[in-house]
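In this note's numbering, the protein residues as written are 384 to 441.
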């Protein structure tokens, strides 16, 4: 990924943009390691949803 500059202004907006770039990078790495297996991605989606639910209920 060729990330060169932030397109938003303000510290909070730059933080959000940076988090999106990091998430996109991590998803791309995961996709490459899984070999594009849709079944594996569905399992990960379920795990993330369960984790998010647990964190939000704390």
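Glycine included, C-beta positions come from ideal geometry on N, C-alpha and C. Bear in mind the structure is a predicted one, so any value in this text is a computation, not a measurement.
Can you tell me the Cα-Cα spacing of residue i and residue j, whole angstroms?
i	j	result
residue 429	residue 435	10 Å
residue 523	residue 416	No answer is possible for residue 523: the residues shown for the chain start at 384 and end at 441.
residue 404	residue 426	23 Å
residue 399	residue 422	29 Å
residue 394	residue 388	14 Å
Kindly indicate the opening and closing residues of the alpha helix (DSSP H) around residue i.
i	result
residue 429	421-439
residue 388	That residue, residue 388, is in no alpha helix (DSSP H); it is neither H nor E in DSSP.
residue 415	394-417
Going along the chain, which residues of its own chain have a beta-carbon closer than 7 Å to the beta-carbon of residue i, five neighbours each way excluded?
i	result
residue 424	417
Leaving out five residues on either side along the sequence, give the residues of the same chain with a beta carbon under 6 Å from the beta carbon of residue i.
i	result
residue 386	404
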